[in-house]
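Chains A and B are the protein sequences, given in the same order. Reading the first sequence from the start, the letters are residues 1 to 450 in full-length UniProt numbering. Reading the second sequence from the start, the letters are residues 1 to 450 in full-length UniProt numbering. Since the structure comes first, as structure tokens, the remarks are kept for the end.
Number of protein chains: 2
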Amino acid sequence: YIIVMLFILLLLFSSACFLFSFSSGDPGDRYMYFFSFFFFFCPFCWFLSFALLPPPLLSCFSFPLSFSPSFPQSKCKRFMYIINKYSDIVIFILLGNLYGRGASDNKAPVLAWIHAVEAYQTLSMDLPVNVKFVIEGMEETGSNGLDAMIMAQRDTFFSEVDYIIISDCGWLSRRPALTYGTRGNCYFFAEVEGPKQDLHSGVYGGTVIEPMTDLIGILDTLISPSGKILIPGIREAVAPLSDEEWKMYQDIQFDMDNYKNKIGVNQLMYSNKVDLLAHMWRYPTVSIHGIEGAFSDPGTKTVIPAKVTAKFSIRQVPDMDPAMVKKQVTDYLHSVFAKRKSPNKLKVTMVIGAKPWLADTHHPLYEAGKVAIKRVFNMDPDLIREGGTIPIARTFQDVTGKSIIMMPIGGFDDGLHSQNEKMSRYNYIEGTKLFIAYLNEVSQIKRTSV
Amino acid sequence: YIIVMLFILLLLFSSACFLFSFSSGDPGDRYMYFFSFFFFFCPFCWFLSFALLPPPLLSCFSFPLSFSPSFPQSKCKRFMYIINKYSDIVIFILLGNLYGRGASDNKAPVLAWIHAVEAYQTLSMDLPVNVKFVIEGMEETGSNGLDAMIMAQRDTFFSEVDYIIISDCGWLSRRPALTYGTRGNCYFFAEVEGPKQDLHSGVYGGTVIEPMTDLIGILDTLISPSGKILIPGIREAVAPLSDEEWKMYQDIQFDMDNYKNKIGVNQLMYSNKVDLLAHMWRYPTVSIHGIEGAFSDPGTKTVIPAKVTAKFSIRQVPDMDPAMVKKQVTDYLHSVFAKRKSPNKLKVTMVIGAKPWLADTHHPLYEAGKVAIKRVFNMDPDLIREGGTIPIARTFQDVTGKSIIMMPIGGFDDGLHSQNEKMSRYNYIEGTKLFIAYLNEVSQIKRTSV
Chain A
1 YIIVMLFILL LLFSSACFLF SFSSGDPGDR YMYFFSFFFF FCPFCWFLSF ALLPPPLLSC
61 FSFPLSFSPS FPQSKCKRFM YIINKYSDIV IFILLGNLYG RGASDNKAPV LAWIHAVEAY
121 QTLSMDLPVN VKFVIEGMEE TGSNGLDAMI MAQRDTFFSE VDYIIISDCG WLSRRPALTY
181 GTRGNCYFFA EVEGPKQDLH SGVYGGTVIE PMTDLIGILD TLISPSGKIL IPGIREAVAP
241 LSDEEWKMYQ DIQFDMDNYK NKIGVNQLMY SNKVDLLAHM WRYPTVSIHG IEGAFSDPGT
301 KTVIPAKVTA KFSIRQVPDM DPAMVKKQVT DYLHSVFAKR KSPNKLKVTM VIGAKPWLAD
361 THHPLYEAGK VAIKRVFNMD PDLIREGGTI PIARTFQDVT GKSIIMMPIG GFDDGLHSQN
421 EKMSRYNYIE GTKLFIAYLN EVSQIKRTSV
Chain B
1 YIIVMLFILL LLFSSACFLF SFSSGDPGDR YMYFFSFFFF FCPFCWFLSF ALLPPPLLSC
61 FSFPLSFSPS FPQSKCKRFM YIINKYSDIV IFILLGNLYG RGASDNKAPV LAWIHAVEAY
121 QTLSMDLPVN VKFVIEGMEE TGSNGLDAMI MAQRDTFFSE VDYIIISDCG WLSRRPALTY
181 GTRGNCYFFA EVEGPKQDLH SGVYGGTVIE PMTDLIGILD TLISPSGKIL IPGIREAVAP
241 LSDEEWKMYQ DIQFDMDNYK NKIGVNQLMY SNKVDLLAHM WRYPTVSIHG IEGAFSDPGT
301 KTVIPAKVTA KFSIRQVPDM DPAMVKKQVT DYLHSVFAKR KSPNKLKVTM VIGAKPWLAD
361 THHPLYEAGK VAIKRVFNMD PDLIREGGTI PIARTFQDVT GKSIIMMPIG GFDDGLHSQN
421 EKMSRYNYIE GTKLFIAYLN EVSQIKRTSV
């Protein structure tokens, strides 16, 4: 049987806020910054304090509707109520959900994996496979050094590892899912530089060719109103949708009305499920994130910005190649810019070039997952992809040469990176069971098939 | 002869920085904020300390090249060296120039007017006309209340006023100038709103119609790469360039190479002087200042902004009407937006609607100015316009019904609102002489011509 297993649990704070608020000096975020270090260097002490909550506490949870603001302190002294002014940095539990910044992305899944291991230990059963954890607390600040660490540990920590599991993802509906793909991401800066300093639009407006006008002009050539990417070569490189994929998407449980309500729009880019899922997962997208250097504060300012930098990204899918995309985008923007005959200078740089990741859903690792899900939930999983990027998946695959599975337990409506992020107790507890079952199933995989 | 004269001296700090830095909590700007109040409520005490600098001090100035960093303290004890960490908030004097934030825009012109009045008093001569000052220290924060004050004082402070003089402007070259027009300004917010909150571009990219893409799309329809305004009706409303104007522009002293060097570009929007001056002063311009709500910080963020607001403005010229422009812009953007068939919501608002101002250069007020300039500088003035907006000029004209002249003494290269703003001692001293001469010339205007 299997000798060594490695579980990769990416501990992801919902820290887009964290990352950017930190520089603003919000003391709450400094506090959180401290926590992320704490997790990184000493991950278990805090987790285990959760994992070892004694039974009387858990009984509190079975009457969630009786919770009142004063309840935790007055009625349940042993309730581990870690809450303060910055309460969103810890998980607290209310109305059947675990709330907190990063509750679902990715504190609860990390805990669930630890509970799974703990369950075997508590029952004095041998683990069916050996387990190693990698817990990463700095993903939202770019995971600096993680790639280098993985490469450095290839022949030591990772030497006997057979499989890699990532749980940094979520279901698409109330139905459990296995994730077999993520999109990559090519992130670009397009900088247009004109006068040597910002100018007053009254005094100079009409005499200079404004960098902002140039930048708007070239950005408008990236994508059509209907979402068609206009950069030559991009669409040609995309792998065509196979009949099998079409059928798989057709069978996936996905409520479009619910999806629309969740994000608060009354019309999506595509009106049928298959098109929508396909464009969410396996077609590229252009998003324009914003412009640096121009006036972005509230109020009015009559400035001609001297140098403006647009930030936009293109999500990558098979068979796109980031190096090729870099060339296509750069060449295209320069050719569009040249037509404007502007004296300003354009500089296009690709600052992120992450490849997509795609797994074979018929691999034994996935077959084991299907069995485990059937056992715990009594249904077949949705086989889904992620539109976002988990660059480390690709790194693990390239460096270790091992197969990867992504096994989510987060709910489709957990609100990652958003207000009131939560994980339901149902997903948390059943998810823990799933991980326990999965450890068992993986141990059944025939050694030859590795 | 003239009974009463009113001099309007707008005391303008170069306070775009001031306005926006203040909110950032820079203590230097808080200090400056204090100063602006100080000027506003007690304008003379500080000025007169400058005006009454004793002769031995002035003799220091006659050897400007002998200045060294240690000079002021060690060699010239009586030198009024007001400088500290925030030295740019006061005027200090070096190498023949008066440096300081707002030195030319508009501290020195205010002082020069006070010196002019002082000169008559020192010589025990009666002022040839009566003089009233209005000194405004809050223009860069929007001059809140100034319009209301002028209206309220129409029949009291302003009741016997015959003429209004504004010196909040500058020459176009080394040749003295009289200013006879300014452009107005219509400032717009165009807001596109989509999902109820920001979304992750990986997770949602491809499924939603992004507000940023819509906004870029409509902004790109405002103006062509060659500077042509594409909003229907705008160009049609602009008064045609008369032969007289063409000839006037042709005669104006204006060095295009110097202008290019100053702003650091190698190509301007127009390659000949008349076109350039015409588009600087008497044609409208569209400037896109920036976008609020999108990602504008350094670094990368993979966000789909939920609500983005573009800020752009159109400088107004005769015979444009801000109310009409508001309708033209709003209708046009909505029609362009409708073609995109986007489910997002567009809201266009005009937050500033300032009319242009234009004077008759053959008015006795201007004829007196020409004579005074001839007397002091022994040459005829350039008759120029300003591309920027001084909304209060129009308010004075509309409320009081009196004629206005703009008489600049600031140099063309003073760097208003920029680093190292300065006023040359030459302009400062000869400008003071000009004002003295002008008081005399104005007193000669025949009463009947008022």
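Ideal Cβ placement from N, Cα and C applies to all residues, glycine included.
query, result
"Please tell me whether Phe39 (chain B) has its Cβ less than 8 Å away from any Cβ of chain A.", "Note that Phe39 (chain B) has pLDDT 39, beneath the 50 cutoff, so the model's placement of it is unreliable and the number below is only indicative. Not an interface residue."
"At a Cβ cut of 9 Å, what residues of the segment 339-360 of chain A count as close to chain B, listed as they run along the chain?", "Lys339, Arg340, Lys341, Ser342, Pro343, Asn344, Val351, Ile352"
"Would you identify the three-state DSSP class for Gln267 (chain A), choosing helix, strand or coil?", "coil"
"Would you kindly check if the distance between the Cβ of Gly202 (chain A) and the Cβ of Gly387 (chain B) is under 8 Å?", "yes"
"Listing by chain order, which chain B residues have their CB less than 9 Å from the CB of Lys307 (chain A)?", "Those within 9 Å of Lys307 (chain A) in chain B number zero; the least Cβ separation is about 11 Å."
"I need the DSSP call for Met407 (chain A), collapsed to helix, strand or coil.", "coil"
"Out of curiosity, what's the CA-to-CA distance linking Ile436 (chain A) and Ser159 (chain A)?", "24 Å"
"By DSSP, does Asn97 (chain B) sit in helix, in strand, or in coil?", "strand"
"Would you kindly work out how many angstroms separate the C-alpha atoms of Leu439 (chain B) and Glu210 (chain A), rounded to a whole number?", "42 Å"
"Any beta carbon of chain A sitting closer than 8 Å to that of His200 (chain B)?", "yes"
"Tell me, to the nearest whole angstrom, how far the beta carbon of Phe189 (chain B) is from that of Lys311 (chain B); I am working on the premise that it is less than 8 Å.", "6 Å"
"Among residues of its own chain, excluding the 5 on either side of Leu172 (chain B), which ones have a beta-carbon nearer than 8 Å to its beta-carbon?", "Ile252, Gln253, Phe254, Asp382, Ile384, Phe412"
"Against chain B, with Cβ distances strictly below 8 Å, would Ile209 (chain A) count as a contact?", "yes"
"Under a Cβ-count criterion, where at least 16 other Cβ atoms within 10 Å of its own Cβ denotes burial, should Lys355 (chain A) be classed as buried or exposed?", "buried"
"Check each candidate in B:Gly96, B:Arg282, B:Ile404 and name the one with the smallest Cα separation from Asp319 (chain B).", "B:Arg282"
"Write down every uninterrupted run of the beta strand (DSSP E) in the segment 286-357 of chain B whose length is 3 residues or greater and which is fully enclosed by it, in chain order.", "286-292, 307-316, 345-354"
"Distance check for Gly96 (chain A) and Pro305 (chain B), CA to CA, integer angstroms please.", "31 Å"
"How many Å lie between Gln250 (chain A) and Gly233 (chain A) at the Cα?", "28 Å"
"Mind listing, in chain order, the continuous alpha helix (DSSP H) runs of no fewer than 4 residues lying wholly within the segment 100-169 of chain B?", "108-122, 146-152"
"Can Thr213 (chain B) and Ile291 (chain A) be called in contact, C-beta distance under 8 Å?", "no"
"For Tyr426 (chain A), count the other beta carbons within 10 Å of its own beta carbon; 16 or more makes it buried, fewer makes it exposed. Which is it?", "exposed"
"Is it true that the CB of Cys186 (chain A) sits closer than 8 Å to the CB of Ser313 (chain A)?", "yes"
"Taking Cβ-Cβ distances below 8 Å as the criterion, which residues of the segment 153-173 of chain B are in contact with chain A?", "none"
"In whole angstroms, what is the alpha-carbon distance linking Asn144 (chain B) and Val208 (chain A)?", "31 Å"
"At which residues does the beta strand (DSSP E) containing Ser173 (chain A) begin and terminate?", "Ser173 (chain A) -> no beta strand (DSSP E), and no H or E assigned at all."
"Rounded to the nearest angstrom, how far is the Cβ of Ile165 (chain A) from that of Met407 (chain A), given a contact under 8 Å?", "6 Å"
"Restricting to Cα atoms, I'd like to know which of B:Asn130, B:Ser167, B:Ala323 is closest to Ile392 (chain B).", "B:Ser167"
"In this structure, what does DSSP give as the bridge partners for Asp257 (chain A)?", "The partner list for Asp257 (chain A) (beta bridge, DSSP) is empty, contrary to what the question assumes."
"Could you give the distance in angstroms between the alpha-carbon of Lys327 (chain A) and the alpha-carbon of Leu230 (chain A)?", "15 Å"
"Counting only C-beta atoms, is Leu276 (chain B) closer than 8 Å to chain A at any point?", "yes"
"Between Thr182 (chain B) and Trp357 (chain B), which are expected to be in contact by the criterion C-beta below 8 Å, what is the C-beta distance as a whole number of angstroms?", "5 Å"
"Under 8 Å between beta-carbons, which chain B residues line up against Ile263 (chain A)? List them in chain order, please.", "Pro195, Lys196, Gln197, Leu199, Tyr204, Val208"
"Hey, would you say Gly184 (chain B) sits closer than 8 Å to Arg315 (chain B), going by beta carbons?", "yes"
"Compare the Cα-Cα distances from residue 532 (chain A) to each of A:Val131, A:Leu333, A:Ala359, A:Lys341 and report the closest residue.", "Any property of residue 532 (chain A) remains undetermined from this structure, which presents chain A solely from 1 to 450."
"Is it buried or exposed, His362 (chain B), if we count other Cβ atoms within 10 angstroms and call 16 or more buried?", "exposed"
"In chain B, which residues lie less than 8 Å from Arg183 (chain A) when you measure between Cβ atoms?", "Gly202"
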